[in-house]
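Asker: Below you will find the structure I want to go over with you.
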Amino acid sequence: MAAATDDTTKCEALGCEEMYLHGFFDLQQRDEDVALLLAPHAARPQRKEDEDENKKGSTTTEVQDAGNKPIVAPGAASVSLTMDELAAMRKALRKRKTTSGKDRFIISSAAVRGDRATMEDTSFVSDCKRFAAVFDGHGGAAVAQYLRKNYFALLGPELAKLDEDESLELDARKKRRLHIQSLLKTSMEKIDAEITQKNEWKYIGSTATGVLLYDDVIYSVNVGDCRAVLSRSGDAVELTRDHKPNDPSEQSRIESLGGRVKWHGYVDAQGDPIEPYGAYRINGNLAVARAIGDRDLRPFVTGEPEVKAFPRDMSKDEFIVIASDGLWDVFTSDEVVTFVKDVMSGEVGGRESWRSGGHSDTRVPIFEWSQQYKSDRSMIKAARKRRQMQIATYLVQEALYRGTSDNVSVIVVWLR
């Protein structure tokens, strides 16, 4: 984590670093929330030591921890908080941040069938907005739909149990992180086991990529070639690894089991593959090395999920894009981040429609909006929010323009 600023120091002094890290996307809102939670304590009968501090004109809050010196931080009044009270505050704040619509992430999603005869993609966003996933089916949509319905149904209640954990200790937080990684993996494995028991689905499968935002960590779970990418100060950080058959580790595993990985598609004069006009396939069949279901292709295709964890950088992390391979077939990770940044800055033209005089111009730069409405900041803010809400649609449209032939599903999670 980056060096603490004055703002993070305030929160750490309160002994509630996780309060800050769990969803304080706006520092002013964070201060209001902490003040709100402190308010009941300010109104209670004061102890003698509190009265003494007030006589000195103090405006600090003390957190009493047995065996340690009191921790002092800015507060609404002079109050002494026990560690139990602090833990209760943390619990209350976490509950509010995951249930209040006002404090949720802004999420944009869009999907299109494209040139395919059927739509086999699907996506999911949890009510608390902490978890989002894209599922890309093949051989039919049944497995993808089953994942959409059942994966978070398994995962969610287990995460809710963790929300009851009031411990602020560093060791407890580390254990919680490891436990979350285990939950993401075992929940996916349970779903895979259920699906592979269904004879009617033996030729059907799905890839799956999900992202969980919990405390100060971004977790990813991935099976196949959907992908999740984080924009960190404008740089693309891949949160997942594509499980393609020609990935060195995947190819080694497949060939060790007696399978074959071969290019199927166009080649140049030297016989080298011409990407993206073709794909590496396992035994001439599936073009992914990992998938949920696909019982007929086991053991060459495995359903083992890959889980990763990334510490959040609150000052740099901007948004996350989760998408099926219909997007990634025509975009690199860097290109997606650049495209989103350009849309938000107006470099590819303002996409809001101006309908005055019967004219609809979708390329009015955001700069011109800012100039026309510089006396009305709410209009500028509304234009930006509109773009945030529509960005997944813009990505889908651009993928079609670039010639993708697959289903395309996109989720964009705005972190700030």
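Taking this note's numbering, I'd label the letters of the sequence shown as residues 1 to 416. Note that beta-carbon positions come from the ideal geometry of N, C-alpha and C, so glycine has one too. All values reported here derive from a predicted model rather than from experimental measurement.
Report all residues from its chain with a CB closer than 8 angstroms to the CB of residue 285; omit the five preceding and five following residues, and keep chain order.
Answerer: Answer for residue 285: 297, listed in chain order.
Asker: Where residue 362 and residue 388 are concerned, what is the direct C-alpha to C-alpha distance, given to the nearest angstrom?
Answerer: In this prediction, residue 362 scores a pLDDT of 44, lower than 50, which makes its location untrustworthy; no coordinate-derived value is stated.
Asker: Cα separation between residue 220 and residue 241?
Answerer: Near 10 angstroms, if we compare the C-alpha coordinates of residue 241 and residue 220.
Asker: In the segment 256 to 287, which residue ranges form an unbroken beta strand (DSSP E) of at least 3 residues, counting only runs that do not cross its ends?
Answerer: As far as the segment 256 to 287 is concerned, its whole beta strand (DSSP E) runs of at least 3 residues are 261 to 267 and 273 to 282.
Asker: For residue 119, which residues in the same chain have their Cβ closer than 6 angstroms to its Cβ, ignoring the five residues on either side in sequence?
Answerer: These residues qualify, in order along the chain: 113 and 407.
Asker: Does DSSP classify residue 156 as helix, strand or coil?
Answerer: Here residue 156 sits in helix by DSSP.
Asker: Please report how far the alpha carbon of residue 318 lies from the alpha carbon of residue 217, in whole angstroms.
Answerer: Roughly 14 angstroms between the two C-alpha positions.
Asker: What three-state label does DSSP hand residue 151 in the structure shown?
Answerer: Residue state, collapsed to three classes: helix.
Asker: Less than 8 angstroms between the CB atoms is what I'm expecting for residue 192 and residue 325, so what's the real figure, rounded?
Answerer: About 19 angstroms; that fails the 8 angstroms criterion.
Asker: Enumerate, from N- to C-terminal direction, the unbroken beta strand (DSSP E) stretches of 3 or more residues contained entirely within the segment 170 to 236.
Answerer: Entirely contained in the segment 170 to 236, the beta strand (DSSP E) runs reaching 3 residues are, in chain order, 205 to 214, 217 to 223 and 227 to 232.
Asker: Is it buried or exposed, residue 199, if we count other Cβ atoms within 10 angstroms and call 16 or more buried?
Answerer: Under this definition residue 199 is an exposed residue.
Asker: Given this structure, state the Cα-to-Cα distance separating residue 234 from residue 279, to the nearest angstrom.
Answerer: Each residue's Cα considered, the two are about 30 angstroms apart.
Asker: Going by alpha carbons, who is nearest to residue 139 out of 117, 258 and 299?
Answerer: Nearest option by C-alpha distance: 117.
Asker: What's the C-alpha gap between residue 413 and residue 212?
Answerer: The alpha-carbon atoms of residue 413 and residue 212 are separated by roughly 11 angstroms.
Asker: Only counting the same chain, and skipping five residues up and downstream in sequence, which positions put a Cβ closer than 7 angstroms to that of residue 250?
Answerer: Hits under 7 angstroms: 243, 244 and 289.
Asker: In whole angstroms, what separates the C-alpha of residue 323 from that of residue 153?
Answerer: In a straight line, the C-alpha of residue 323 is about 21 angstroms away from that of residue 153.
Asker: Can you tell me whether DSSP reads residue 77 as helix, strand or coil?
Answerer: Bear in mind that a pLDDT of 42 at residue 77, under 50, signals an unreliable position, so the number given afterwards is only what the model happens to contain. Residue state, collapsed to three classes: coil.
Asker: Of all the CB atoms in chain B, is at least one closer than 7 angstroms to the CB of residue 387?
Answerer: In summary, chain B is missing from the structure at hand, where a single protein chain is found.
Asker: Inspect the beta-carbon positions of residue 148 and residue 124 and report whether they are closer than 7 angstroms.
Answerer: A contact, by the Cβ cut-off of 7 angstroms.
Asker: Assign residue 332 to one of three DSSP states: helix, strand, or coil.
Answerer: Coil.
Asker: Count the other CB atoms within 10 Å of the CB of residue 151; is the residue buried (16 or more) or exposed (fewer)?
Answerer: It is buried - the Cβ of residue 151 has at least 16 other Cβ atoms within 10 Å.
Asker: On the three-state DSSP scale, how would you describe residue 326?
Answerer: Helix.
Asker: Could you round the C-beta distance between residue 292 and residue 205 to whole angstroms and report it? I think they count as a contact, below 8 angstroms.
Answerer: The Cβ separation is near 6 angstroms, so the contact holds.
Asker: Anyone know if the C-beta pair for residue 228 and residue 209 falls short of 7 angstroms?
Answerer: For residue 228 and residue 209, yes; Cβs fall inside 7 angstroms.
Asker: Put residue 126 into one of helix, strand or coil per three-state DSSP.
Answerer: In the structure shown, residue 126 sits in coil (DSSP, three-state: anything other than H, G, I, E or B).
Asker: Should residue 134 and residue 315 be called a contact, given that it needs their Cβ atoms to be closer than 7 angstroms?
Answerer: Result no, Cβ atoms of residue 134 and residue 315 do not sit closer than 7 angstroms.
Asker: If you count every other CB in all the chains shown that lies within 10 Å of the CB of residue 267, and 16 or more means buried, which is it?
Answerer: Label assigned to residue 267: exposed.
Asker: If you reduce the DSSP assignment to three classes, tell me which class residue 109 lands in.
Answerer: Strand.
Asker: Hey, would you say residue 184 sits closer than 7 angstroms to residue 307, going by beta carbons?
Answerer: Yes, the pair counts as a contact, with Cβ atoms nearer than the cut-off.
Asker: Thinking C-beta only, is residue 305 closer than 7 angstroms to residue 223?
Answerer: Yes, the Cβ-Cβ distance between residue 223 and residue 305 is below 7 angstroms.
Asker: Please report the distance separating the alpha-carbon of residue 262 from that of residue 381.
Answerer: If I take the Cα positions, the gap works out to 51 angstroms.
Asker: Kindly indicate which residue of 215, 121 and 246 has the alpha-carbon position closest to the one of residue 175.
Answerer: Measuring from the Cα of residue 175, the nearest candidate turns out to be 215.
Asker: Skipping 5 residues on each side, what residues in its chain have a beta carbon closer than 7 angstroms to that of residue 45?
Answerer: Residue confidence is low: residue 45 scores 43 on pLDDT, short of 50, so the model does not pin down where it sits. Its coordinate-derived value is still stated next. Correct list: empty, nothing qualifies.
Asker: With residue 395 and residue 105 assumed to form a contact (beta carbons below 8 angstroms), what rounded beta-carbon distance in angstroms separates them?
Answerer: With 8 angstroms as the limit, residue 395 and residue 105 do not qualify as a contact, their Cβ atoms being about 17 angstroms apart.
Asker: Please name the residue in 255, 294 and 264 whose C-alpha comes closest to that of residue 201.
Answerer: When each option's Cα is compared against that of residue 201, the closest is 294.
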